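*Asks:* So the protein sequences, as listed, match chains A and B. Every letter in the first sequence is one number past the one before it in the numbering used here, and letter 85, counting from 1, is 169. Every letter in the second sequence is one number past the one before it in the numbering used here, and letter 288, counting from 1, is 290. By construction, the Cβ of each residue, glycine as well, lies at the ideal position given by its N, Cα and C atoms. Nothing here was measured: the structure is a model prediction, and the numbers come from that model.
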Amino acid sequence: MKILICISNVPDTTTKIKFVNNNTTFDKSGVQWIINPWDELALTRVLDLKDAQAGIESVTVMNVGLADAEPTIRKALAIGADKAIRINADPVDSFQVASLLADAIKKDPYDIVLCGIESCDYNGASVGGMLAELLDMPSVSAISFLNIAGGKVELKREIDGGQESIEIATPFVGIVQKGIAKDPRIPNMRGIMMAKTKPLQVLEPSAANTLTSVGSFDLPKAKAACKKIDPDNVKELVRLLHYEAKLI
Amino acid sequence: MSVLVYTENWDGKFKKLSFELVSYAHEIAKMLNTQTVVLSIGNVAHDELQKLGTYGASTVMSVDNDCCKNLDNQVYSHIITQAASKADANIIILAHNNIGKALAPRLSVRLKAGLATGVLSLPQSIEPFTITRKVFTSKAIANIIINTPVKIVTLLQNSFGIHENQAAVQIETFNPDLSAVTAKTVIKEVNKVTGKLLLTDAEIVVSGGRGMKGPENWGGIEELAALLGAATACSRPVSDEGWRPHSEHTGQTGKIIAPDLYIALGISGAIQHLGGVSGSKCIVAVNKDPDAPIFEAADYGIVGDVMKVLPEFIAAVKEIKQS
Ligand SMILES: Cc1cc2nc3c(=O)[nH]c(=O)nc-3n(C[C@H](O)[C@H](O)[C@H](O)COP(=O)(O)OP(=O)(O)OC[C@H]3O[C@@H](n4cnc5c(N)ncnc54)[C@H](O)[C@@H]3O)c2cc1C
Ligand SMILES: Nc1ncnc2c1ncn2[C@@H]1O[C@H](COP(=O)(O)O)[C@@H](O)[C@H]1O
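1. With a cut-off of 8 Å, do at least 3 Cβ pairs link the segment 299-313 of chain A to the segment 98-108 of chain A?
2. 8 Å is my cut-off, CB to CB: does B/Y264 come that close to chain A?
3. Does B/V111 get closer than 8 Å to chain A when you measure Cβ to Cβ?
4. Would the C-beta of B/H248 count as close to ligand 1, meaning under 7 Å from any of its heavy atoms?
5. Between A/G213 and B/R112, is the Cβ-Cβ spacing less than 8 Å?
6. Starting from B/R135 and walking both ways along the beta strand (DSSP E), at which residues does that stretch end?
7. Kindly indicate which residue of B/K323, B/H248, B/F315 and B/V279 has the alpha-carbon position closest to the one of A/D244.
8. Comparing the C-beta of A/S290 with each C-beta of chain B, is any distance below 8 Å?
9. Specify which residues have a beta carbon nearer than 5 Å to any heavy atom of ligand 1, listing them in chain order.
10. Less than 7 Å between the CB of A/E202 and some heavy atom of ligand 2, yes or no?
11. I'd like to know if A/V334 contacts chain B, where contact means its C-beta is closer than 8 Å to some C-beta of that chain.
12. Please report the straight-line C-alpha distance between B/Y26 and A/V237, rounded to a whole angstrom.
13. For B/V40 versus B/L54, is the C-beta spacing smaller than 8 Å?
14. Give a yes or no on whether the C-beta atoms belonging to A/I333 and A/A226 are separated by under 8 Å.
15. Is the beta carbon of A/W122 sitting closer than 8 Å to the one on A/N93?
16. Would you give the residue range spanned by the beta strand (DSSP E) that A/T144 belongs to?
17. State yes or no: is the C-beta of A/S178 nearer than 7 Å to some heavy atom of ligand 2?
18. May I have the straight-line CA-CA distance separating B/K310 from B/I322, to the nearest angstrom?
19. Would you list, in sequence order, the uninterrupted beta strand (DSSP E) runs of no fewer than 3 residues that lie entirely inside the segment 168-213 of chain A?
20. In terms of DSSP beta bridges, what is B/M309 paired with?
21. Considering only residues of the same chain and omitting the five flanking positions on each side of B/I81, which have a CB-CB separation below 7 Å?
22. In angstroms with no decimal places, state the Cα-to-Cα distance between A/Q137 and A/R129.
23. Contact defined as beta carbons within less than 8 Å: I believe A/V29 pairs with A/A126. What is the distance between those atoms, to the nearest angstrom?
24. Quick one: does B/S123 have its CB under 8 Å from some CB of chain A?
25. Using only the heavy atoms of ligand 2, determine whether one of them is closer than 7 Å to the beta carbon of B/C284.
26. Can you list the beta strand (DSSP E) stretches of 3 or more residues lying completely in the segment 253-288 of chain B, in chain order?
27. Any heavy atom of ligand 2 closer than 7 Å to the beta-carbon of A/A209?
28. I'd like to confirm the pairing. Which residues does DSSP put opposite B/S140 in its beta bridges?
29. From this set, B/G14, B/S87 and B/E174, which residue's C-alpha is nearest B/M63's C-alpha?
30. Pull up the distance between the alpha-carbon of A/P222 and that of A/I250, whole angstroms please.
31. Looking at C-alpha atoms only, which residue of A/E320, A/G246, A/A329 and A/A291 is the closest neighbour of A/P175?
32. Measuring only between beta-carbons, confirm whether B/Y8 sits less than 8 Å from chain A.
33. Show which residues of chain A have a CB atom less than 7 Å away from the CB atom of B/Q254.
34. Determine whether the Cβ of B/E191 lies closer than 8 Å to any Cβ atom of chain C.
35. Considering just the uninterrupted stretch of the beta strand (DSSP E) at B/R112, what are its terminal residues?
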């Protein structure tokens, strides 16, 4: 099986978010970049399955981004992906990302395409589903378990209050959430050395439309200061919640 | 022209989320001077469908077809696309839950309709269509402009609320043409807890972090939650350690919730945790460290030992409930 994991390059989760140009542009200065956490978990799970001889022939990662995304892409190679592809574009919306990915995938298809449930920059929760529709493939969303055995794919997806176990034939698009792997793999020295020699192919983007744009950004309004209550007077807290906030 | 809402049902019943979606759609329909149409898929009794009228639905299209009991994203996208065409919908609204997230992007492509996910409020303007949503895991807000004739939005649960707008509702059976699509997801088994208040539905949530020390100390959290009619939640390390089930993990990589009241016990308030709970209308924090970041997000706080505070909290709630 050939597996593709779409990875987005996102600011480290502790980044202080700032905007420039009249609040129209995210300020990238000083930002540390990481593989989107769910994408990293998906990669980890697929590599575990490959190591367990589950019949995975190759693991590719693909990113739509400019050259500055390459350290993140190299990290995915260092973790253990066999090959990487970068589509050289600075996308405006999820539809454009999905269209560029879909055009590349159509030319060189995969048995399983995995995306994360959302990227922690624009939190679109969109690319995976859009990609599936563009490729006219089935999709399963909110996957918290993936197994491949004897050429068969077993999935679990999260539903309200539980899970469903699902069987699905390839090819399909899987949209992955927490649970698929516990902790992401950390690249070791050998992986980092090997990553330098692994192929990182750069593709020029196809013509792709956008459907939305960002007008401007705002920062959330500062919250009023926290009202501190004496630890020896817990009753007062409950009284405030009852009479002042009227919540209990 | 119309505003189309897709709402799922839970074993044939609608819940608060459905009514919130319809209330929200009705308000947008008013801005556009048009009607609210609701699409329901699966077996739902007439009386139950009728309830949607209370929140402003003027038409309910009901697909009461056994083929569609289980969610298959392709089949459902076909149905919603056909409903959108029949209703001549120019705005389509879904919930920002697992099902909405699975379907809305597919619909966006099928209908060439721009999508804004996880929106928080009504559009700021209709022309151009501008709407706000959270980005950078709740650390910022983006004003999104949708440039296409048909628009799709997914609404963050509990961000708009329920509003009654009694409408004369017409219920129609809708028979989509499914000859061009077959379900490819085969559901082997369903594992579901029933009768438990779902975290995403709860108005009050009591949540514990590593400061609770161990799973043996969750009795107090359960007790307080039961007294308040609340759901229980936890921080990520708590679920990673196996102290609590994964379904309770809130935050950037867990569930994003916006209850009226979020009670954080022994939680430091790391930025990734706050990403999932900062939409709560009121946050109460108990933490022994006065500098814990949770106090920056909290409305009410107690700097103290949760082991001592929690039993007193429970006692005080019991007392006030009795009075
Ligand atoms: C990519 C990424 C994604 C993440 N996603 C999430 C996420 O979705 N959700 C999430 O929760 N975390 C997430 N994290 C982890 C996050 O960074 C924190 O590590 C985590 O939230 C800390 O959990 P905690 O507050 O329970 O534990 P700790 O940080 O250990 O804090 C425990 C707190 O309890 C207090 N305490 C201790 N004893 C007592 C006592 N007796 N009485 C009162 N207070 C006491 C301490 O003062 C401390 O503030 C993520 C991290 C990364 C890198
Ligand atoms: N620029 C990108 N390049 C490659 N994959 C992406 C990109 N943006 C998003 N994705 C994939 O789509 C998922 C969901 O992203 P989003 O729809 O942006 O929230 C991510 O977890 C990735 O798997």
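*Replies:* A quick look at the data gives this:
1. yes
2. no
3. B/V111 counts as touching chain A.
4. No, ligand 1 has no heavy atom inside 7 Å of this Cβ.
5. no
6. F131 to V137
7. B/H248
8. Taking Cβ atoms only, chain B never reaches closer than 8 Å to A/S290, which makes this a no.
9. A/T97, A/P121, B/G211, B/R212, B/G213, B/S237, B/R238, B/P239, B/G253, B/Q254, B/T255, B/G256, B/G268, B/I269, B/S270, B/A272, B/Q274, B/H275, B/N289, B/K290, B/D291, B/A294, B/D307 and B/V308
10. yes
11. With chain A covering 85 to 332 only, the question about residue 334 of chain A has no answer from this structure.
12. Their Cα atoms are separated by approximately 39 Å.
13. It is a contact, given that the beta carbons lie within the stated cut-off.
14. Any question about residue 333 of chain A goes unanswered here, given that chain A covers just 85 to 332.
15. no
16. S142 to G149
17. yes
18. B/I322 has its alpha-carbon roughly 19 Å from the corresponding atom of B/K310.
19. 196-200
20. In the DSSP output, where bridge partners are listed per residue, B/M309 has none listed.
21. I43, V65, C70 and P178
22. 13 Å
23. Shown here, chain A extends from 85 to 332; a query on residue 29 of chain A therefore has no answer.
24. no
25. no
26. 263-267
27. yes
28. For B/S140, which the question treats as bridged, DSSP gives no partner whatsoever.
29. B/E174
30. 12 Å
31. Considering only A/E320, A/G246, A/A329 and A/A291, the residue with the shortest C-alpha distance to A/P175 is A/A291.
32. no
33. T97 and C204
34. Considering every chain present, this structure includes no chain C. Its protein chains are A and B.
35. Counting along the chain, B/R112 falls outside any beta strand (DSSP E), though it belongs to the alpha helix (DSSP H) covering N100 to R112.
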